[in-house]
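Structure, as structure tokens:
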Ligand code: FE
């Protein structure tokens, strides 16, 4: 029996993809360097963070917003976002009267340069069908409750045109920089199945990051003291640092755990 161990066996799909990739490279149909470049692009360089920059700029610069609604492809290209599946973009603006939502009823057309690759649910048959027949119910399943007086408009992205939703700027963000605003923009808010985050949520998160840093700043010197006295001859000092370390662990560990839990749930 082989003693060679794998972390986990590859799935059937992974094996098929690998076989196809090897065959295409072997036949000279695909350059492995180009393939690596493509994977790196879609893993690291394109994603909702690009769309968030577009939205944040539109929120803070009314001239840009006007250009974005007038000629979306050009205005998005101004920020350096262009390429496949983003050649013809249309940005639709949410207002107090209209909430926009995007779907591709036929397959999975999605604006890659600004949102990256589509999530699984976007490509699923139920979303594609129900987004059109019962958009409000679908929105409710995403936790988005749209007032009855607000019209819900559903846009069907196609190979020709890709839609991006410009969500409404959240209340309480006066004086926010574009960078701060971009942190409030979620992927789903640009598809229309979500809303931007509230400014309070990121302030709370920033506070928790501060708490965590303070805790580590407290803990690290204690570890260092313990480490340096371990090899020393002074038994009393050694014991003192051990007790100090144990005592700090009693309150620091729960603080870190609670903080982590809060961070994951906000
Ligand atoms: Fe499609």
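In the numbering used here, the protein residues as written are 44 to 309.
C-beta atoms are modelled at their ideal positions from N, C-alpha and C, and glycine is treated no differently.
inquiry  = Using the three-state DSSP reduction, which class does residue 302 fall into: helix, strand or coil?
reply    = For the purposes of this step, residue 302 is identified with residue 259 of the chain shown, where counting begins at 1. Three-state result, residue 302: helix.
request  = Sort out for me which residues DSSP pairs residue 142 with in a bridge.
outcome  = Walking along the chain shown from the start, residue 142 turns up at place 99. Paired residue(s): 195.
ask   = When the Cβ atoms of the stretch 136-150 are set against those of the stretch 161-181, are three or more pairs found closer than 8 Å?
value = yes
request  = Name the two residues that bound the continuous beta strand (DSSP E) containing residue 165.
outcome  = Locating residue 165 in the chain shown gives position 122, counting from the first residue. Unbroken run through residue 165 is the alpha helix (DSSP H), 163-166; no beta strand (DSSP E).
request  = Check whether the Cβ of residue 167 sits closer than 7 Å to any heavy atom of the ligand FE, and report yes or no.
outcome  = Taking the chain shown and counting its residues from 1, one reaches residue 167 at position 124. Result no, Cβ not under 7 Å from the ligand FE.
Continuous alpha helix (DSSP H) stretch holding residue 69: start and end = Taking the chain shown and counting its residues from 1, one reaches residue 69 at position 26. Here the alpha helix (DSSP H) through residue 69 covers 55-69.
message = Applying the 10 Å Cβ sphere with the 16-neighbour rule, what's the burial state of residue 233?
response = The residue given as residue 233 occupies position 190 in the chain shown. The residue in question, residue 233, is buried, as its Cβ has 16 or more Cβ neighbours within 10 Å.
task = Take residue 318 as the anchor and find which of 240, 138, 82 has the nearest alpha-carbon.
result = Not covered by the structure: residue 318. The range shown for the chain is 44 to 309.
Pairwise C-alpha distance: residue 102 and residue 228 = Position 185 of the chain shown, counted from the first residue, corresponds to residue 228. Position 59 of the chain shown, counted from the first residue, corresponds to residue 102. Cα-Cα distance, rounded: 11 Å.
Bridge partner(s) assigned by DSSP for residue 206 = In the chain shown, counting from the first residue as 1, residue 206 sits at position 163. Per DSSP, 133.
query = Along the chain, where does the alpha helix (DSSP H) that runs through residue 92 open and close?
reply = Mapped onto the chain shown, residue 92 falls at position 49. 91-103 is the span of the alpha helix (DSSP H), which, as asked, contains residue 92.
query = So, is residue 212 buried or exposed, given that buried needs 16 or more other C-beta atoms within 10 angstroms?
reply = Against the chain shown, residue 212 aligns to sequence position 169. So residue 212 counts as buried.
Check: residue 149 C-beta below 7 Å from any heavy atom of the ligand FE = Counting from one through the chain shown, the residue named residue 149 turns up at place 106. Yes, since a heavy atom of the ligand FE falls inside the 7 Å radius drawn around the Cβ of residue 149.
inquiry  = Pairs of beta-carbons, one from the stretch 189-197 and one from the stretch 123-142, closer than 8 Å: are there three or more?
reply    = yes
ask   = In angstroms, rounded to a whole number, what distance separates the CA positions of residue 169 and residue 83?
value = The residue you call residue 169 lines up with position 126 of the chain shown. The residue you call residue 83 lines up with position 40 of the chain shown. Approximately 31 Å between the Cα atoms of the pair.
message = Quick check on residue 225: buried or exposed, where buried means 16 or more other Cβ atoms within 10 Å of its Cβ?
response = Locating residue 225 in the chain shown gives position 182, counting from the first residue. Residue 225 should be labelled buried.
ask   = Quick one: does the C-beta of residue 152 sit closer than 7 Å to a heavy atom of the ligand FE?
value = Position 109 of the chain shown, counted from the first residue, corresponds to residue 152. Within the cutoff, so yes.
request  = Output the distance between the C-alpha atoms of residue 94 and residue 292, rounded to the nearest integer angstrom.
outcome  = Reading the chain shown from its first residue, position 51 is the one you call residue 94. Reading the chain shown from its first residue, position 249 is the one you call residue 292. Their Cα atoms are separated by approximately 43 Å.
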